[in-house]
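Residue numbers (the numbering used here), protein chains in the order written: chain E, 46 to 507; chain R, 46 to 507. Below is one structure; the comments refer to it alone.
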């Protein structure tokens with residue numbers, strides 16, 4: 046199976062846990078069968094593998110999410126980086142170009158697309174496999190999954206199946222699609238559901254060649270005919286900022302749909318997310334018996350005591366603390382927009398960091414202190430900063446540091462001074478994670494004060 | 046005026062803000078007339094000064110509170126350190142011995158005693174002055190303040206005034222006392238109040254000689270007659286662990302009382318404390334309109350957003366986070382008793398520190414990172430640690446560091462390595478506070494791993 050996972054939408058509807066780099070799909074709040082926590086991304090990945098061990102998975106995303114994906118899925122997926130956030134059509138087009146040009150995937154191979162933040166039962170993935178069978182065995186340009194609509198939501202697109210056609214004649218019980226209605230009001234949605242319409246959950250199957258010919262048409266309109274992945278990527282901004290539904294689905298000649306009646310949820314708000322959390326508390330939390338229907342997530346290293354809270358969500362992490370009535374949590378977005386948005390915790394390709402302290406002194410200078418964790422065998426890119434000095438104190442593990450092209454081994458207790466403009470990198474040895482405390486000093490400690498010289502300049506430590 | 050302030054009772058009823066070193070009386074949550082925040086200790090000090098500018102104030106307390114008192118009241122008070130926590134009689138006895146032997150206070154001078162965590166109106170202090178007048182002008186051994194009892198509390202002692210005696214004949218309208226009832230049940234308390242009893246709020250006035258003769262009697266029973274403050278202090282553990290009420294008040298021959306009808310409250314629980322807070326929110330806090338009757342105190346440097354909370358207390362500081370229904374907050378004590386009690390923030394004589402990070406690594410080693418603030422002109426004692434190395438990164442200010450008897454000037458960006466066993470100290474220059482990040486490394490980072498060599502060994506920096 047060739048599957049494209051669309052990983053989009055950073056946002057603050059799950060603040061403080063989600064921020065500009067940490068989207069909801071990366072929050073490890075769901076329970077695996079073995080009792081460990083996993084994120085939505087990890088759950089979808091595990092579910093795909095369980096129906097098809099050798100699926101080839103490509104994640105289409107933007108640079109700010111790359112480190113989280115690598116950290117959570119490792120090297121088991123290909124990542125296609127959108128040069129900028131556009132919409133689902135350009136994203137799927139780029140991922141398909143990657144499959145055609147980089148992976149040399151035949152044009153008659155079936156490609157499936159689904160959002161990476163889909164929260165569904167395992168039978169969802171059985172339907173995906175059936176969608177593939179339909180594309181392979183019929184003349185359908187496109188096969189969609191129809192999600193059983195459980196209420197008259199004005200948020201979704203609706204798929205209207207044809208009536209009267211005998212389903213028995215169709216492969217996999219697929220139903221030809223008569224049309225679509227985008228985001229109807231609640232009244233119209235109720236009528237659509239009464240007539241047998243389904244939600245469009247953004248899962249599609251098609252042949253690679255079908256999509257590439259549409260993409261080719263779009264470029265031809267601009268006088269271009271890119272014939273490599275890099276060519277496509279370089280001209281990405283020329284692709285219209287439009288949805289796959291609008292650019293492809295609504296124009297397809299022959300579409301069918303397979304209904305899915307299992308669990309399917311949008312875990313994009315605190316209210317829906319906590320509904321799916323098996324544990325009421327995560328992290329260092331104490332509550333009493335009069336705390337009822339309250340979910341508490343504590344990612345800080347200090348305890349939270351909750352007494353007599355009812356129907357609340359309490360979430361604490363290095364970015365901030367939320368205490369909200371569950372119903373009121375829908376209003377969160379209005380309040381977080383002007384919260385200082387410097388992420389205080391980030392998962393990176395090489396590990397993670399937590400901001401411990403950020404102080405503006407009276408004289409205008411600043412200090413920022415981080416706890417850095419470099420995963421065993423990994424390293425940060427060779428880089429330098431123009432406006433800050435850094436002092437690193439190694440607190441655990443061993444590794445090798447490169448400063449201005451001079452390498453040295455480091456271990457617990459070693460201190461490194463990195464002056465403005467000095468190139469530097471660090472790599473953890475293969476046996477264990479490397480921890481250090483980083484103190485940044487300067488008048489302007491901005492995140493983008495970084496110049497990178499590549500990823501692999503640190504000599505592997507023996 | 047000679048006033049002894051009793052500063053006792055560390056406890057966790059106001060967790061996370063109060064802990065073993067930070068008692069409720071040091072929390073800066075009350076508003077001064079000028080809009081700044083002050084603690085109960087600072088409020089009482091300010092109120093005393095406003096009725097008597099040249100009062101001589103002595104604070105009786107234990108070592109763990111000394112730094113907080115010095116930090117909040119400066120050098121304007123004398124501090125008498127109880128060698129161990131006993132009860133109010135030994136504490137008052139020691140403070141009186143200090144006045145007699147160290148301050149050479151005449152034995153016929155009037156001494157007043159009051160708890161430092163008294164939250165009262167300014168007229169309370171007018172009554173104190175009147176109590177002094179009564180002791181000076183009558184034969185009363187002891188004058189008490191009778192607090193107007195606003196409900197039938199089973200928590201207090203009750204003072205029963207004599208009836209029928211004409212108040213007009215007494216100086217300052219003082220009333221002779223007929224007797225006492227300690228902590229009656231609610232029913233008995235209701236009856237006492239109906240008969241005109243008052244609460245005993247722990248404010249007393251007496252002549253120094255009167256008290257010292259009682260103390261002398263106690264020591265004589267043990268075959269001792271200490272005649273210096275140090276002698277008294279050395280034998281402190283021989284004084285019975287008993288209250289002033291039991292050892293002195295109930296045995297006095299002639300006692301009178303002045304009633305006080307003004308505001309008087311025990312701000313010892315979150316519910317009573319927040320009642321007196323003028324601001325609903327302190328620190329980085331955002332709330333919406335549906336957040337009602339909710340007090341939020343944020344001492345962390347990350348924002349708290351509160352939506353739709355009703356009748357709640359939310360308190361966050363480096364020790365932990367409390368989210369509690371106001372009524373339920375009375376149950377807090379049961380929950381905090383087994384919370385890890387390492388203080389994460391402490392006010393010290395020389396400034397303060399905040400624990401930023403405390404990590405136990407898999408191999409058994411640990412690291413602890415602090416942000417230290419040394420106040421301008423102040424310094425820490427010359428000390429060493431047996432089981433940990435420390436790395437200090439100066440982040441702001443200038444000062445002088447002494448390591449193994451070698452002094453050097455330090456400023457922003459300097460890094461100091463202090464190995465196990467090395468004697469060290471640091472002092473901030475007079476112009477500005479000195480900030481540094483301290484990383485402790487060791488297998489056993491306990492608080493009492495400290496050997497002190499004195500307070501003043503650091504050479505003043507020019």
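Every residue gets a Cβ at the ideal spot worked out from N, C-alpha and C, and that includes glycine. In this text the structure is predicted, and so the values were computed from the model without any measurement.
Taking the Cα of residue 414 of chain E as reference, the smallest distance to any Cα among E:373, E:474, E:487, E:356 is reached at E:487.
Interface with chain E (9 angstroms Cβ-Cβ cutoff): residue 352 of chain R is included. Between the alpha carbons of residue 378 of chain E and residue 60 of chain E lies a distance of about 8 angstroms. Per DSSP, residue 314 of chain E is not a residue of any alpha helix (DSSP H), being assigned neither H nor E. Check the Cα spacing between residue 408 of chain E and each of R:403, R:477, R:445, R:268: the tightest is with R:477. If you draw a 10 Å sphere on the C-beta of residue 239 of chain R, you find fewer than 16 other C-beta atoms in it, and that means exposed. Going by C-alpha positions, residue 449 of chain E is about 41 angstroms away from residue 141 of chain E.
If you draw a 10 Å sphere on the C-beta of residue 105 of chain E, you find 16 or more other C-beta atoms in it, and that means buried.
Annotated three-state conformation of residue 293 of chain R is coil, per DSSP. Think of a sphere of 9 angstroms around the beta carbon of residue 438 of chain E: the chain R residues whose beta carbon falls inside it are 412, 414, 436, 438, 460, 482, 484, 486, in chain order. 9 angstroms or more divides the Cβ of residue 482 of chain R from the Cβ of residue 405 of chain R.
Assigned with DSSP and collapsed to three states, residue 420 of chain E falls in coil, not helix or strand.
Shown here, residue 261 of chain R sits in a helix according to DSSP, grouped into three states. As for any beta strand (DSSP E) of minimum length 3 sitting wholly inside the stretch 426–470 of chain R, the runs are 434–441, 443–448, 451–456, 460–463, ordered along the chain. In the three-state scheme derived from DSSP, where H, G and I count as helix and E and B as strand, residue 133 of chain R is classed as helix. In summary, residue 317 of chain E is exposed, with fewer than 16 beta-carbon neighbours lying within 10 Å of its beta-carbon over all protein chains present. Rounded to whole angstroms, the separation of the alpha carbons of residue 464 of chain R and residue 425 of chain R is 17 angstroms. Under the DSSP definition of a beta bridge, residue 232 of chain E lacks any partner.
Counting only the Cα atoms, residue 221 of chain R lies some 9 angstroms from residue 303 of chain R. Taking a Cβ-Cβ cut-off of 8 angstroms, the neighbours of residue 331 of chain R in chain E comprise 380, 384, given in sequence order. A direct Cα-to-Cα measurement between residue 364 of chain E and residue 57 of chain E gives close to 11 angstroms. Here the C-alpha atom of residue 300 of chain E lies approximately 12 angstroms from the C-alpha atom of residue 290 of chain E. For the pair residue 66 of chain E and residue 85 of chain E, the Cα-to-Cα distance works out to about 15 angstroms. Counting only runs of 3 or more residues that sit fully inside the stretch 347–422 of chain R, the beta strand (DSSP E) segments are 349–352, 357–362, 365–370, 390–393, 396–405, 411–419, in chain order. A straight-line Cα-Cα distance of about 15 angstroms links residue 101 of chain E and residue 252 of chain E. Listed by position along chain E, the residues whose Cβ is nearer than 7 angstroms to that of residue 374 of chain R are 352.
With fewer than 16 other CB atoms across the displayed protein chains lying within 10 angstroms of its CB, residue 323 of chain R is exposed. Residue ranges of uninterrupted alpha helix (DSSP H) with 4 or more members, entirely inside the stretch 97–168 of chain E and ordered along the chain, are 108–118, 133–142. For residue 274 of chain E, the uninterrupted alpha helix (DSSP H) segment begins and ends at 274–279. In the structure shown, residue 239 of chain R adopts helical secondary structure according to DSSP, grouped into three states. For residue 369 of chain E, the CB contacts under 6 angstroms within the same chain, skipping 5 residues up- and downstream, are 358 in chain order.
Among the residues of chain R, none has a CB under 8 angstroms from the CB of residue 324 of chain E; the nearest is roughly 17 angstroms distant. One Cα belongs to residue 453 of chain R, the other to residue 436 of chain R, and the distance between them is close to 16 angstroms. The Cβ-Cβ distance between residue 356 of chain R and residue 343 of chain R does not fall below 9 angstroms. The CB of residue 389 of chain E comes closer than 9 angstroms to the CB of 347 in chain R, given here in chain order. Straight-line spacing of the CA atoms in residue 421 of chain R and residue 475 of chain R works out to 5 angstroms.
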